[in-house]
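Asker:
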Amino acid sequence: MPAPSSPHYRFEEVAPGVHAALATLEGFAVCNSGLVDLGEGSLVFDAGMTPISAVDLRTHATQILGRAPTMAVTSHRHLDHFLGNSEFASVPIWSTRRTREILLETTNQIQADLSREALEKDLAMLERRRDDMKTEDLRMDLEFNLQIQRALIASAGQVKITPPDHTFDTKLRLPGARAAELVSLGSGHTEADAFLFLPHEKILIAGDLVVLGVQPSMGSGDPEHWVEELNELERLGAEKVVPGHGAVTTNEGIRYTREYLAAVLDVARTPPGTRLPAALRRWEGSVSLEWNIATTRDWVSHHPRH
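Residues in the sequence shown are numbered consecutively from 64, following the working numbering.
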């Protein structure tokens, strides 16, 4: 069977009945997704950034798994992981209870942020910074942020905010012959992230708790607890990790994310202008790093060490 072709995803089998849908740099999905045959049903983990890419994801999930998705999961509240939910509204969509609450509370603000005027303003601001990006890493970081804005503009006026309609708090054993658990360890990347673990196959579908190749976004949760969560994820002993962004990895991806977080936390506790540690120097001058340091400084100021 030829590999599925999509402008939004590259599909990779990580085990029989388990596939990673890896977002392409040119497409409108932005985040990775997971496709899992549960036995009596099938699951899509994270619906992606846009209805455009979500239609493609649903179609390919049906082809790859041999059945239409019977449930979906939203790992956390960030737009690139849930704006495609409207294309899965006919099946149960699961998340943590807190993620659903936040999405219900912020629906009006999300709609305002998705206005074409607001999106085009942000796009223009990012494009003005092109000439400042002197290295390939910085150009890739800027291009990732531009991709988000382009994807949103492509879907302006088409998005129907669709919060999850089923919730859990800490752990949920999914129905079906395959052992599969949704787990939340609390606040980390956001206020209540969820990940999927398949213990028999030792596969972790991590959402943005783990990212590779791009910078984690640190403005929404508890960065110190996020580091602790990554320690817990590493102890799961997963042999394959599907990150929220980047290529399928191993525990090395968990360590990469943890090293970045620890470095930003260290900088956030020092005076502005302090030389960046080695783990961050490749990103110096980038939009994402500036944002992460600023928001983490604010977090640290309200959560002093005891």
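Ideal placement from N, C-alpha and C gives every residue a C-beta, glycine not left out.
I want to know whether the segment 106-121 touches the segment 83-96 - three or more CB-CB distances under 8 Å.
Answerer: yes
Asker: Would you list, in sequence order, the uninterrupted beta strand (DSSP E) runs of no fewer than 3 residues that lie entirely inside the segment 257-307?
Answerer: List check, beta strand (DSSP E) in window: 258-261, 266-274.
Asker: Please go through the same chain and pick out, in chain order, the residues whose beta-carbon is closer than 8 Å to the beta-carbon of H71, but skip the five residues on each side of it.
Answerer: Here residue 71 refers to the residue found at position 8 when the sequence shown is read from its first residue. Only A86, T87, G90, F91, A92, G111, I115, S116, D119, L120 meet the Cβ criterion.
Asker: Inspect the CB distances between the segment 179-191 and the segment 231-248 and report whether three or more fall short of 8 Å.
Answerer: The segment 179-191 vs the segment 231-248: no contact.
Asker: Taking the alpha carbon of L128 as the reference point, which residue from E75, K184, R360 has its own alpha carbon closest?
Answerer: Counted from its first residue, the sequence shown places residue 128 at position 65. Comparing alpha carbon positions, the residue from E75, K184, R360 closest to L128 is E75.
Asker: How long is the line joining the alpha carbons of V81 and L259, rounded to whole angstroms?
Answerer: Along the sequence shown, one-based indexing puts residue 81 at 18. Along the sequence shown, one-based indexing puts residue 259 at 196. Each residue's alpha carbon lies about 12 Å from the other.
Asker: Would you say F108 and R160 are within 8 Å of each other, going by their C-beta atoms?
Answerer: Residue 108 sits at position 45 when you count from the first residue of the sequence shown. Residue 160 sits at position 97 when you count from the first residue of the sequence shown. No, the Cβ-Cβ distance between F108 and R160 is not below 8 Å.
Asker: On the CB-based measure, 16 or more other CB atoms within 10 Å of its CB, does R191 come out buried or exposed?
Answerer: Within the sequence shown, the letter at position 128 stands for residue 191. R191 should be labelled exposed.
Asker: State yes or no: is the C-beta of N314 within less than 8 Å of the C-beta of E291?
Answerer: Here residue 314 refers to the residue found at position 251 when the sequence shown is read from its first residue. Here residue 291 refers to the residue found at position 228 when the sequence shown is read from its first residue. Not a contact, by the Cβ cut-off of 8 Å.
Asker: Where DSSP assigns a beta bridge to G97, which residues make up the other side?
Answerer: Here residue 97 is taken as the residue at index 34 of the sequence shown, counted from 1. Answer is A83, F108.
Asker: Quick check: the Cα distance between S68 and T122, rounded to an integer number of angstroms?
Answerer: For the purposes of this step, residue 68 is identified with residue 5 of the sequence shown, where counting begins at 1. For the purposes of this step, residue 122 is identified with residue 59 of the sequence shown, where counting begins at 1. Those two C-alpha atoms are separated by around 11 Å.
Asker: Give a yes or no on whether the C-beta atoms belonging to L205 and R193 are separated by under 8 Å.
Answerer: For the purposes of this step, residue 205 is taken as the residue at position 142 of the sequence shown. For the purposes of this step, residue 193 is taken as the residue at position 130 of the sequence shown. Closer than 8 Å, so yes.
Asker: Among residues of its own chain, excluding the 5 on either side of Q172, which ones have a beta-carbon nearer than 6 Å to its beta-carbon?
Answerer: Numbered from its first residue, the sequence shown carries residue 172 at position 109. Cβ neighbours of Q172 beyond the five flanking positions: none.
Asker: Sorted by chain position, which residues of the same chain lie with C-beta nearer than 8 Å to Q278's C-beta, five sequence neighbours on each side aside?
Answerer: For the purposes of this step, residue 278 is taken as residue 215 along the sequence shown, with counting starting at 1. So the list reads D204, Y323, W346, S349, S351, L352, N355, once near-sequence residues are dropped.
Asker: Starting from K234, trace the alpha helix (DSSP H) in both directions and tell me its first and last residue.
Answerer: Here residue 234 corresponds to residue number 171 of the sequence shown, with the count starting at 1. That residue, K234, is in no alpha helix (DSSP H); its beta strand (DSSP E) goes 234-236.
Asker: What does the alpha-carbon distance come out to for the pair A124 and D329?
Answerer: Mapped onto the sequence shown, residue 124 falls at position 61. Mapped onto the sequence shown, residue 329 falls at position 266. A straight-line Cα-Cα distance of about 42 Å links A124 and D329.
Asker: Could you tell me if P306 is buried or exposed, where buried requires 16 or more neighbouring beta carbons within 10 angstroms of its beta carbon?
Answerer: For the purposes of this step, residue 306 is taken as residue 243 along the sequence shown, with counting starting at 1. By the 10 Å Cβ count, P306 comes out buried.
Asker: In whole angstroms, give me the CA-to-CA distance for M221 and L167.
Answerer: The residue labelled residue 221 in the question sits at position 158 within the sequence shown. The residue labelled residue 167 in the question sits at position 104 within the sequence shown. Note that residue 221 is Gln in the sequence shown here, rather than Met. Roughly 19 Å separates the two Cα atoms.
Asker: Does the distance from the C-beta atom of F145 to that of T137 stay below 8 Å?
Answerer: For this step, residue 145 is matched to residue 82 along the sequence shown. For this step, residue 137 is matched to residue 74 along the sequence shown. Yes. Within cutoff.
Asker: Does the distance from the C-beta atom of L267 to that of A217 stay below 8 Å?
Answerer: Within the sequence shown, residue 267 is the residue found at index 204, counting from 1. Within the sequence shown, residue 217 is the residue found at index 154, counting from 1. By the CB criterion at 8 Å, L267 and A217 fall outside the cutoff.
Asker: Name the residue from T333, G336, E287, K303 whose alpha carbon lies nearest to the alpha carbon of R321.
Answerer: The residue given as residue 321 occupies position 258 in the sequence shown. Nearest C-alpha to R321: E287.
Asker: Cα separation between I224 and R338?
Answerer: Here residue 224 refers to the residue found at position 161 when the sequence shown is read from its first residue. Here residue 338 refers to the residue found at position 275 when the sequence shown is read from its first residue. Approximately 42 Å between the Cα atoms of the pair.
Asker: Return the residue from the list A243, V154, G309 that minimises the CA-CA distance to P262.
Answerer: For the purposes of this step, residue 262 is identified with residue 199 of the sequence shown, where counting begins at 1. Nearest C-alpha to P262: A243.
Asker: Would you identify the three-state DSSP class for F151, choosing helix, strand or coil?
Answerer: Within the sequence shown, residue 151 is the residue found at index 88, counting from 1. Residue state, collapsed to three classes: helix.
Asker: Give every residue of the same chain whose Cβ lies closer than 8 Å to the Cβ of A78, excluding the five residues on either side of it in the sequence, and list them in chain order.
Answerer: In the sequence shown, residue 78 corresponds to position 15, counting from 1. Hits under 8 Å: L261, E264, I266, K303.
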